[in-house]
Amino acid sequence: MAETKESSVVASRVLRKERTQMPKGNTARKKHVTPLKITEVGHSTMLIEMAGVKILTDPWFTDPILGIVTHPHSIGMRLEDLPELDAILISHGHFDHCDLKAMAQMDKSTAVIVPEEKTAARIRKLGYSEITVLTKWESRLVSRVCVTALPAGHLAPECTYVISSGDSAVFFGGDTRYIKEFRRIGETFDLTVALLPVNGLSFPLIGKVVMDAVDAAEAAVQLKTRVAIPIHYNISLTVPFLKRLFDGRVTGTAELFAAELKRRNRYVKVVVLNPGESWENT
Numbered sequence: 001m002a003e004t005k006e007s008s009v010v011a012s013r014v015l016r017k018e019r020t021q022m023p024k025g026n027t028a029r030k031k032h033v034t035p036l037k038i039t040e041v042g043h044s045t046m047l048i049e050m051a052g053v054k055i056l057t058d059p060w061f062t063d064p065i066l067g068i069v070t071h072p073h074s075i076g077m078r079l080e081d082l083p084e085l086d087a088i089l090i091s092h093g094h095f096d097h098c099d100l101k102a103m104a105q106m107d108k109s110t111a112v113i114v115p116e117e118k119t120a121a122r123i124r125k126l127g128y129s130e131i132t133v134l135t136k137w138e139s140r141l142v143s144r145v146c147v148t149a150l151p152a153g154h155l156a157p158e159c160t161y162v163i164s165s166g167d168s169a170v171f172f173g174g175d176t177r178y179i180k181e182f183r184r185i186g187e188t189f190d191l192t193v194a195l196l197p198v199n200g201l202s203f204p205l206i207g208k209v210v211m212d213a214v215d216a217a218e219a220a221v222q223l224k225t226r227v228a229i230p231i232h233y234n235i236s237l238t239v240p241f242l243k244r245l246f247d248g249r250v251t252g253t254a255e256l257f258a259a260e261l262k263r264r265n266r267y268v269k270v271v272v273l274n275p276g277e278s279w280e281n282t
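Start counting the sequence shown at 1; every next residue gets the next number (UniProt numbering).
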């Protein structure tokens, strides 16, 4: 299929569900009927299965990538063990979120969604035939699932996304820093799950380029999600000078995030997944 935006629709057409505050002390939640399963592969690579549609986020399988960065533990799924995918969703073009070596080995007929043309051009050279560039607040359908691109903040052009179908909706945060638009996103979508980066990477003069545990906990509150899953908090560097450069600049952990969110809002369930583990809404 040729590259197209014919299947794209503006996000204002996405159903906006009325939100209500949970009464204090009431822990009941509505029962979901749209099947949803999320599997941790590693870092920001997640397999989202919703209503029979399979979407892979921010693929990174090559270790070490560019010879400098590795996963600290074995990833949860080998490239050859991936199921047949309906789409690959990329938040931005950094190598630990857009592994071109791995994508060169994947099915080139799979739909790919990216936030800007430069990343699209790199992927197009691999032979992919269906690439959609979504700008913020645009959407496209992937079979029965709607993917909406949303604002983000990072060193590279980036989008966050909501993947939704029926009464299930997943926010995917890539490696964004905290942004004020989280409140609007939470008012627009009735989120089941938020996948939130938490490592807190920061640099002098620039400041934080990825949310830390405190930022991500506040994001979960503003997004009004029912479940929060921390992502993007474990990498290992293989080059000594990079180890020194990053020493002390990555502060967030899944445990810190869970503790901070519990302090802020006890109604949001925190699920920490190890590589290969899954969460389901059943």
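Every residue gets a Cβ at the ideal spot worked out from N, C-alpha and C, and that includes glycine.
Everything numeric in this text was worked out from a predicted model, so none of it was measured.
Residue pairing from DSSP leaves Phe-95 without any beta-bridge partner. Scanning the stretch 100-163 for uninterrupted alpha helix (DSSP H) segments of 4 residues or longer gives 100-103 and 117-124, listed from N- to C-terminal end. Annotation note: the stretch 193-273 contains the following uninterrupted alpha helix (DSSP H) runs of length 4 or greater, listed N- to C-terminal: 213-223, 240-246 and 254-264. Counting only residues of its own chain and dropping the five nearest sequence neighbours on each side, Ala-156 has a CB closer than 7 Å to the CB of His-92, Gly-93 and His-94. Looking at the DSSP output, Val-33 bridges to nothing. Assigned with DSSP and collapsed to three states, Phe-189 falls in coil, not helix or strand. For Leu-85, there is no enclosing beta strand (DSSP E), as DSSP gives it neither H nor E.
The three-state secondary structure of Phe-61, taken from DSSP, is coil.
Ile-90 and Asp-63 do not touch by the CB rule: their CB atoms are close to 19 Å apart, not below 8 Å. For Lys-262, same chain residues with a beta-carbon under 8 Å away, outside a window of 5 residues either side, are Val-270 in chain order.
Non-local beta-carbon contacts of Ala-104 in its own chain, meaning distances under 7 Å to residues more than five positions away in sequence, involve Leu-126 in chain order. Residue Gly-67 holds the alpha-carbon nearest to the alpha-carbon of Asp-99 among Ser-129, Asp-86 and Gly-67. Listed in chain order, the non-local C-beta contacts of Ser-168 below 7 Å within the same chain comprise His-32, Thr-34, Leu-36, Met-50, Thr-192 and Asn-281, local neighbours out to five positions each way being set aside. Taking 8 Å as the upper bound for CB-CB distance, Ala-216 and Val-198 are in contact here, some 5 Å apart. In this structure, DSSP gives Leu-66 a state outside helix and strand, which the three-state scheme calls coil. Annotation for Ala-169: the continuous beta strand (DSSP E) segment containing it runs 168-172. Cβ-Cβ distances below 6 Å link Thr-39 to Leu-47 and Ser-278 in the same chain, with the five nearest sequence neighbours on each side left out; the list follows chain order. For Arg-144, the closest C-alpha among the options Glu-218, Ser-164, Gly-173 and Tyr-128 is that of Ser-164.
Of Val-147, Glu-187, Ala-228 and Val-41, the smallest CA-CA separation from Ala-111 is found for Val-147. For Leu-79, no beta strand (DSSP E) segment is defined, and its DSSP state is neither H nor E. Under DSSP, Ser-278 forms a beta bridge with Thr-39. Taking Arg-177 as reference, the option from Val-272, Met-211, Ile-88 and Ile-75 with the minimal CA-CA separation is Met-211. Around the C-beta of Pro-204, fewer than 16 other C-beta atoms lie within 10 Å, and the residue is accordingly described as exposed.
For Ile-48, the enclosing beta strand (DSSP E) has its first and last residue at 45-50. Between the alpha carbons of Glu-187 and Leu-223 lies a gap of roughly 7 Å.
Burial state of Ala-120 is buried, judged by a 10 Å Cβ sphere holding 16 or more other Cβ atoms. The secondary-structure analysis by DSSP pairs Lys-54 across a beta bridge with Glu-49.
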